[in-house]
Amino acid sequence: MSLDAATVRRIASLARIRLEEDEVGRMQAELNGILGWIEQLQAVDTEGVEPMAGGAPEGQPAMRMREDAVTDGGQADAVLANAPDRMGAYFGVPKVVE
Amino acid sequence: MRLTDHTLRSALDALNAGETTSVALTEAFLEGIARLNPRLNAFITVSADQALEAAKASDARRAVGKAGPLEGAPLAIKDLFCTAGTQTTAGSAILGGFVPPYESTVTKNLLRDGAVFLGKVNLDEFAMGSSNKTSAYGAVENPWSRANDPDTRLVPGGSSGGSAAAVAAHLALGATATDTGGSIRQPAAFCGIAGIKPTYGRCSRFGIVAFASSLDQAGPVARTVEDCAILLRSMAGFDPRDATSADLPVPDFAAACARPVKGLRIGVPREYRLDGMAPEIEALWRQGLDWLVQQGATLVDISLPHTKYALPTYYVVAPAEASSNLARYDGVRFGLRETAQNSDLRDLYERTRAKGFGAEVQRRIMIGTYVLSAGYYDAYYLKAQKVRALIRRDFEQAWGQVDAIVTPATPSAAFGMDEKQDDPVTMYLNDVFTVTANLAGLPGIAVPAGLDAQGLPLGLQVIGKPWDEETCFSVGAAIERAANFTAVPGIRA
Amino acid sequence: MSYTIEGNTGPWELVIGLEVHAQVISHSKLFSGAATAFGAEPNSQVSFIDAGFPGMLPVINRECVAQAVRTGLGLNAEINLWSRFDRKNYFYADLPQGYQISQYAHPIVGKGEIEIELADGAKKIVGITRLHLEQDAGKSLHDQHPTKSFIDLNRSGVALMEIVSEPDMRSPEEAGAYLTKLRQILRYLGTCDGNMDEGSMRADVNVSVRKAGEGYRTRCEVKNVNSVKFVMQAVEAEARRQIEVWESGGTVEQETRLFDTQRGTTRSMRSKEDAHDYRYFPEPDLPPLVLEPDWVEQLKASLPELPDVRRARYVAMGLTPYDAHVLTLEKETAAFFETVAKGRDAKQAANWVTGDFFAALNRLKRDITDPPVTAENLGGLLDLIADGTVSGKLAKEIFEIMIETGKAPGVIVEERGLKQVTDTGAIEAAVADVLAKNADKVAEYKSGKDKLFGFFVGQTMKAMQGKGNPALVNEVVKKLLG
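In structure tokens, the structure reads:
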């Protein structure tokens with residue numbers, strides 16, 4: 024499978040990365056280089072193989088659950104402290120039209 | 016003996032014996048950093064004042080008999096670990112100025128045990144790279160250089176390039192690092208030091224900036240195998256805040272370093288003998304195996320048939336997870352925000368991410384987004400997770416025959432800053448020997464085992480069974496003893 | 428005759444399915460320890476996990492899982508002992524992580540069903556496809572600043588149950604009845620407060636239209652409809668729109684739409700253009716969710732009585748089906764009734780609750796959670812009637828005084844001397860007095876004017892300020908006239 028320029032633009036848009044028109048060609052070539060190399064996976068017979076999920080070496084253990092208690096929050100200032108555009112008690116973003 | 020020449024073990028012994036103080040050690044390392052960091056660029060942030068304060072507090076604790084296992088030991092922290100009140104960049108411009116209000120579990124554990132943090136060390140951006148050249152805070156120079164070509168600056172490897180360079184140049188007794196495809200073991204090998212990636216789940220990932228969640232593991236780099244064992248014991252342990260953290264006791268890893276290898280069955284995977292492998296690497300591997308046989312181990316030829324698919328598998332799984340993990344860097348709550356006049360939210364996202372992420376990170380986000388996108392998920396992501404299952408199964412079958420597996424750590428010694436830039440895939444091949452342990456979740460340690468013809472360090476890797484870091488340490492220490500690796504880099508404190 | 432909408436080309440059937448997002452009742456969020464209370468100061472109930480900070484990891488809340496299991500059991504659904512979380516990736520201002528942790532491929536609850544009842548008494552089963560757990564997003568405020576939206580993450584990470592129905596509904600009424608019944612069940616279970624004003628329940632409504640006998644045509648999803656009334660209006664508006672499109676030779680495009688409650692129409696939601704590519708994949712930060720069968724059994728054993736069962740029980744207690752229905756609509760009403768009826772005549776208790784008490788609620792615009800008379804006091808009043816302390820008529824007056832003063836009926840009777848007189852001597856004296864003062868009427872009665880009997884009883888009751896025991900007064904009047 025080889026990516027065309029339109030697909031590269033669509034993926035960049037999906038990933039929210041601004042891609043200037045003059046960068047599309049370079050990105051396309053690099054991605055196709057990597058994807059071409061990845062293509063060798065198709066040669067592996069994976070019939071009936073359960074896909075691995077998670078990184079645990081012996082398969083994933085069951086999920087531990089925490090008790091339902093309020094142990095966090097109450098720190099609006101700390102949550103907002105790193106914001107590039109703090110608006111009082113809120114994060115500010117350009118107006119969103121729904 | 017200069018204070019900076021201490022290993023962690025010898026420094027702790029000296030501290031325990033009252034022969035030195037944490038303040039003296041810390042001052043010595045800070046002096047070395049001040050002198051060498053302008054050239055090596057191993058540290059992004061040097062926390063001199065806090066380090067001295069912490070050293071004083073440590074000496075005071077020791078004076079009243081409250082010394083922890085790492086009491087007073089000056090360490091460097093990879094800038095991927097969130098440290099409360101200290102800027103944490105992940106090597107990326109997009110996190111410029113980010114000061115976390117929280118401490119990662121691993122660094123919290125180290126502080127609990129008395130460690131002193133000298134500062135935050137450089138890395139490839141978001142830990143994506145094998146050269147440390149993708150850092151937004153500049154490349155790191157390897158303190159080693161080629162005997163016949165001393166002017167060519169070499170990479171320290173990556174992504175934990177700053178960690179490895181700092182330890183190799185005697186700018187810290189040890190450092191934290193992380194490993195997603197080889198990011199501890201490859202730079203350790205390039206810099207002539209030891210480094211272990213433990214079993215997935217051994218160290219908490221809480222507070223470590225995520226790259227690929229199912230592959231990331233924290234571990235130490237240090238000058239000796241035993242030093243790594245001491246550090247890992249402090250770093251590791253169950254953490255209820257990481258759902259993938261294993262609720263298992265942490266063994267005395269240092270004790271395992273002294274354990275003999277007599278009777279151990281050492282696997283030698285035939286698929287790791289690559290076409291066109293450098294003769295020096297091949298010879299080193301042979302040598303390492305011979306040393307183990309001399310100490311009473313037996314060798315077993317094994318097959319890990321899906322090895323050749325490990326790298327392409329990794330380069331589907333890791334970018335896929337990264338594309339999702341890095342979605343949070345959007346210029347709203349922290350870090351960089353880039354806008355033009357009249358930017359709407361979408362434009363803000365796109366400009367922020369285009370400016371804040373470097374080329375390699377953007378490439379991986381693009382690949383990851385593509386392999387998860389509608390119509391391609393089955394062909395790429397699902398396929399890769401199935402091949403990953405087969406790679407894990409290869410190891411499971413091998414454990415029936417062997418106790419540990421020994422391989423080269425890297426396919427070459429450290430390369431020059433300007434070499435291997437032509438295409439991304441060439442760079443990816445650096446991880447060919449290390450990436451399988453990440454995919455299968457297994458522990459792997461890199462140990463310096465010799466020098467190449469140009470005087471550059473080369474390492475061997477020991478891969479262990481799940482949760483059996485102890486055998487990795489035993490075998491690693493056995494190689495270390497036999498190699499008697501005493502070479503030091505030209506640039507050091 | 429089933430429901431259809433008449434177009435230019437004849438009748439059209441409707442096909443409706445609902446995806447309901449119900450906020451789980453829990454103290455803390457699905458994956459963090461931050462609080463979930465409604466109406467807190469902006470960003471005050473936010474952990475760094477909810478805000479998507481670097482290195483933060485989710486850890487699941489056991490109670491949220493329990494609530495999902497209880498709900499599944501209440502919907503007679505399969506509980507999946509093995510389920511898994513996935514990431515749903517998209518960018519949005521109020522989605523800090525850039526993905527929502529949800530359950531896509533393996534939900535915690537599988538197929539179930541709900542029985543709905545329509546106005547004509549007909550019953551219908553609506554299938555439940557699945558229920559899964561997921562995180563809520565934060566909230567964007569668009570009216571605080573001329574050029575900016577403000578983001579509050581208090582809701583971010585609150586647990587939601589997404590409950591997906593089969594496309595089994597065929598009319599706005601059925602859709603409304605389904606949502607009402609679902610809300611009722613969740614509230615009985617205590618798994619969601621059903622408070623649609625506060626956004627605790629929102630419905631995405633899937634609508635398509637077709638000619639009789641056809642398969643499904645393309646459907647559209649009307650997002651975030653927040654009341655039963657609006658769901659019914661949205662169904663009809665969207666169906667009419669689609670009929671118009673089909674009949675004018677066009678094609679309905681599958682898309683996400685919004686219901687404009689002012690205009691009563693739906694409109695396309697263009698901002699969701701990437702909505703079709705969420706790039707789901709298994710959440711690597713969370714192992715699979717494996718439930719112990721014993722735990723599920725424990726949850727099952729501790730489930731509260733559900734509305735259908737309760738209703739049947741009330742009918743068996745002697746209530747009319749209508750009263751049983753009315754009393755079980757809200758679990759608070761049923762609880763009120765149960766307190767009033769406990770150890771008393773159920774039928775009489777139901778009459779009082781659905782009669783005077785409901786009338787008072789309406790008149791005073793009060794809610795069952797804030798009743799003007801407590802259930803205990805109303806029960807006490809019934810006791811006074813039962814033991815003959817007060818008459819039924821007097822009880823109605825006492826009830827009004829209870830509303831005014833909030834006092835217990837016994838206290839009111841005591842303070843105001845309203846106790847019914849059962850002393851025959853006192854009644855005889857009063858009757859004798861009435862007869863003496865009305866000798867002319869006594870004569871008329873005796874000459875055959877029987878109707879005057881009531882006059883003597885009334886005069887006696889009046890003289891006794893209503894406190895005379897009516898039966899005894901009757902008896903004595905009869906005797907003395909005898």
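Residue numbers (our numbering), protein chains in the order written: chain A, 24 to 121; chain B, 16 to 508; chain C, 428 to 909. Beta carbons: idealized from backbone N, C-alpha and C, even for Gly.
So, does the CB of residue i fall closer than 8 Å to a CB anywhere in chain B?
i: A/D95; result: no
i: A/A29; result: no
i: C/D712; result: yes
i: C/V486; result: yes
Who are the near neighbours of residue i in its chain, counting only those whose CB is closer than 6 Å to its CB and skipping five residues on each side?
i: B/S228; result: E336
i: C/V591; result: E446, T556, R557
i: C/V903; result: I854, E855, V858
i: B/L110; result: T104, G350
Any Cβ of chain A within less than 8 Å of the Cβ of residue i?
i: B/L12; result: In the structure as shown, chain B starts at 16 and stops at 508, and residue 12 of chain B therefore has no counterpart that could be examined.
i: C/N503; result: no
i: C/D704; result: yes
i: C/T574; result: yes
i: B/P255; result: yes
i: C/Q847; result: no
i: C/D579; result: yes
i: C/R514; result: no
How big is the Cα-Cα spacing for residue i and residue j?
i: B/D267; j: B/P275; result: 15 Å
i: B/R41; j: B/P463; result: Arg is not the amino acid found at residue 41 of chain B; the sequence shown has Thr there. If I take the Cα positions, the gap works out to 26 Å.
i: C/G434; j: C/R690; result: 21 Å
i: B/R76; j: B/N147; result: 37 Å
i: C/T766; j: C/Q571; result: 47 Å
i: B/S489; j: B/A57; result: 30 Å
i: A/S36; j: C/A493; result: 39 Å
i: C/N789; j: C/N778; result: 16 Å
i: B/L11; j: B/I281; result: In the structure as shown, chain B begins at 16 and stops at 508. Residue 11 of chain B is therefore absent and cannot be evaluated.
i: C/A602; j: C/D624; result: 19 Å
i: C/K774; j: C/G819; result: 15 Å
Considering only DSSP beta bridges, list what residue i is partnered with.
i: C/D513; result: C/S529, C/P709
i: B/F430; result: Answer is none; B/F430 lacks a bridge partner.
i: C/E440; result: C/R637
i: C/C647; result: C/V634
i: B/I92; result: B/K135
i: A/Y113; result: A/M110
Counting only C-beta atoms, is residue i closer than 8 Å to chain C at any point?
i: B/P327; result: no
i: A/V110; result: Sequence check: residue 110 of chain A is Met here, not Val. Chain C contact via Cβ: present.
i: A/E90; result: yes
i: B/L360; result: yes
i: B/T149; result: no
i: A/V119; result: yes
i: A/R32; result: no
i: A/P107; result: no
Short of 8 Å in beta carbon distance, which residues of its chain neighbour residue i, apart from the five on each side in sequence? Order them along the chain.
i: B/F113; result: Q102, T103, T104, F349, G350
i: A/A99; result: A112
i: C/Y643; result: V442, P594, S635, R637
Go through its chain and collect everything with a Cβ distance to residue i's Cβ below 7 Å, but skip five positions before and after it.
i: B/V265; result: R248, A251, G252
Would a check of beta-carbon distances place residue i closer than 8 Å to chain E?
i: B/G111; result: In the structure shown, chain E cannot be found, because the protein chains are A, B and C.
**OP:** Return the chain-ordered ranges of every alpha helix (DSSP H) run that is complete within the stretch 63 to 111 of chain A and spans a minimum of 4 residues.
**Re:** 99 to 103
Subject >> Inside the stretch 674 to 753 of chain C only - beta strand (DSSP E) runs reaching at least 3 residues >> reply: 683 to 687, 692 to 695
**OP:** Output the residue ranges of the alpha helix (DSSP H) runs that lie fully inside the stretch 109 to 188 of chain B and measure 4 residues or longer, sorted by chain position.
**Re:** 120 to 127, 176 to 183
**OP:** Report the residue ranges of all alpha helix (DSSP H) runs contained in full by the stretch 206 to 272 of chain B; include only those spanning at least 4 residues, in chain order.
**Re:** 240 to 250, 268 to 272
Subject >> Unbroken stretches of the alpha helix (DSSP H), 4 residues or longer, contained in the stretch 791 to 853 of chain C >> reply: Annotation: the stretch 791 to 853 of chain C contains the following complete segments of the alpha helix (DSSP H) (minimum length 4 residues), in chain order: 802 to 813, 819 to 832, 836 to 843.
**OP:** Return the chain-ordered ranges of every alpha helix (DSSP H) run that is complete within the stretch 459 to 517 of chain C and spans a minimum of 4 residues.
**Re:** 489 to 501
Original post:
Where are the beta strand (DSSP E) runs, 3 residues long or more, that stay fully inside the stretch 561 to 620 of chain C, in chain order?
Top reply: Correct list: 566 to 568, 575 to 579, 586 to 592.
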